[in-house]
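So the sequence lines, in the order shown, correspond to chains X and L. In short: position in the first sequence from 1, add 947, done, that's our numbering. In short: position in the second sequence from 1, add 31, done, that's our numbering. A virtual CB, placed ideally from N, CA and C, is assigned to each residue, including glycine. Presented below is the structure to which this report refers.
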Amino acid sequence: AQSVTQPDIHITVSEGASLELRCNYSYGATPYLFWYVQSPGQGLQLLLKYFSGDTLVQGIKGFEAEFKRSQSSFNLRKPSVHWSDAAEYFCAVGDGNFNKFYFGSGTKLNVKP
Amino acid sequence: IAGITQAPTSQILAAGRRMTLRCTQDMRHNAMYWYRQDLGLGLRLIHYSNTAGTTGKGEVPDGYSVSRANTDDFPLTLASAVPSQTSVYFCASSIGKITDTQYFGPGTRLTVL
Chain X
948 AQSVTQPDIH ITVSEGASLE LRCNYSYGAT PYLFWYVQSP GQGLQLLLKY
998 FSGDTLVQGI KGFEAEFKRS QSSFNLRKPS VHWSDAAEYF CAVGDGNFNK
1048 FYFGSGTKLN VKP
Chain L
32 IAGITQAPTS QILAAGRRMT LRCTQDMRHN AMYWYRQDLG LGLRLIHYSN
82 TAGTTGKGEV PDGYSVSRAN TDDFPLTLAS AVPSQTSVYF CASSIGKITD
132 TQYFGPGTRL TVL
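Laid out in structure tokens, this is it:
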């Protein structure tokens, strides 16, 4: 069965500190992998996605993610967090051939001044 | 450019009533989607449409129906609302496939009493 696991429900980091949000997936074939961000009271916005090629993917707002097939992981990172990064982050896996798309349960990021 | 608009913003509905959530996009995207977001569960795909005139079932379609009479509009109907349909509903669109970048509307908060 397809699934996406985000083990951290809440994370708090200090402004300027580095960030890593964890994501593990379970999918039969090589999936498309995504990170979306949701600011309070708003819809979701794509940060980055991966399907093939370089396993380190650069996204918007200074975020990057690394695909590790051996660990079935697609962790999101940012070297220095800004207060405006406080939001909820969703990892997702998709299959365009079968119109499947599964989101993780989300990680809520708080940023301390 | 508005992107995706959803109406209403929020609604309180008595159980058993019929309700249609509206979604309109002005990006001329072929594909559109409806998700529901529940605490601790992330977003789950209800129905999708790859092009005008076609629709398909997502992960949680029961109790919901959709239509796609034209490119721009993708209404979601609850024929007889039940309390378990209390949720935040997001409409999204993409150029072609579900694995293309999805653009999300601001959401509709629905409470069924």
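Option in the options with minimal Cα separation from residue i
i, options, result
"residue 991 of chain X", "X:959, X:1035, X:1015", "X:1035"
"residue 131 of chain L", "L:91, L:63, L:43", "L:63"
"residue 143 of chain L", "L:137, L:119, L:133", "L:119"
"residue 16 of chain L", "L:75, L:42, L:110", "The structure shown does not extend to residue 16 of chain L, since chain L is modelled only from 32 to 144, so the question has no answer here."
"residue 1008 of chain X", "X:1023, X:1017, X:999", "X:1023"
"residue 83 of chain L", "L:67, L:41, L:126", "L:126"
"residue 1002 of chain X", "X:1042, X:1044, X:978", "X:978"
"residue 133 of chain L", "L:139, L:100, L:80", "L:80"
"residue 989 of chain X", "L:114, L:117, L:128, L:36", "L:36"
"residue 56 of chain L", "L:102, L:49, L:67, L:73", "L:102"
"residue 1060 of chain X", "X:1046, X:1053, X:1031, X:1045", "X:1031"
"residue 135 of chain L", "L:129, L:121, L:128", "L:121"
"residue 137 of chain L", "L:72, L:60, L:68, L:129", "L:68"
"residue 49 of chain L", "L:114, L:60, L:129", "L:114"
"residue 998 of chain X", "X:1013, X:986, X:987", "X:1013"
"residue 949 of chain X", "X:986, X:960, X:1056, X:1045", "X:1045"
Which of helix, strand or coil DSSP assigns to residue i
i, result
"residue 950 of chain X", "strand"
"residue 1032 of chain X", "helix"
"residue 128 of chain L", "coil"
"residue 1016 of chain X", "helix"
"residue 43 of chain L", "strand"
"residue 1041 of chain X", "strand"
"residue 164 of chain L", "For chain L, the structure presents residues 32 to 144; residue 164 of chain L sits outside this window and is missing."
"residue 1006 of chain X", "coil"
"residue 104 of chain L", "strand"
"residue 123 of chain L", "strand"
"residue 109 of chain L", "strand"
"residue 94 of chain L", "coil"
"residue 78 of chain L", "strand"
"residue 986 of chain X", "coil"
"residue 69 of chain L", "strand"
"residue 61 of chain L", "coil"
"residue 974 of chain X", "coil"
"residue 142 of chain L", "strand"
Cutoff 8 Å; reference residue i; Cβ partners in own chain excluding five residues on either side
i, result
"residue 106 of chain L", "51, 52, 53, 54, 97, 98"
"residue 1070 of chain X", "No information on residue 1070 of chain X is available, as it lies outside the stretch 948 to 1060 that chain X covers here."
"residue 78 of chain L", "64, 65, 86, 87, 88, 89, 92, 95, 96, 97, 107"
"residue 976 of chain X", "1042"
"residue 1011 of chain X", "995, 1003, 1004, 1005, 1023, 1024, 1025"
"residue 955 of chain X", "968, 969, 1054"
Inter-residue CB distance, residue i and residue j (contact presumed, cutoff 8 Å)
i, j, result
"residue 112 of chain L", "residue 47 of chain L", "7 Å"
"residue 141 of chain L", "residue 42 of chain L", "5 Å"
"residue 971 of chain X", "residue 1020 of chain X", "5 Å"
Contact set for residue i: own chain, Cβ-Cβ below 6 Å, skip 5 residues either direction
i, result
"residue 117 of chain L", "142, 143"
Near the ligand HEM: residue i beta-carbon under 7 Å from a heavy atom
i, result
"residue 1042 of chain X", "Inclusion of the ligand HEM in the displayed structure is not the case, the ligand content being empty and no account of it being possible."
Chain-order list of residues whose beta-carbon lies under 7 Å from that of residue i (same chain, five-residue window excluded)
i, result
"residue 959 of chain X", "1057, 1059"
Check whether the segment 1012-1028 of chain X touches the segment 955-970 of chain X, taking contact to mean three or more Cβ pairs, one atom from each stretch, closer than 8 Å.
-> yes
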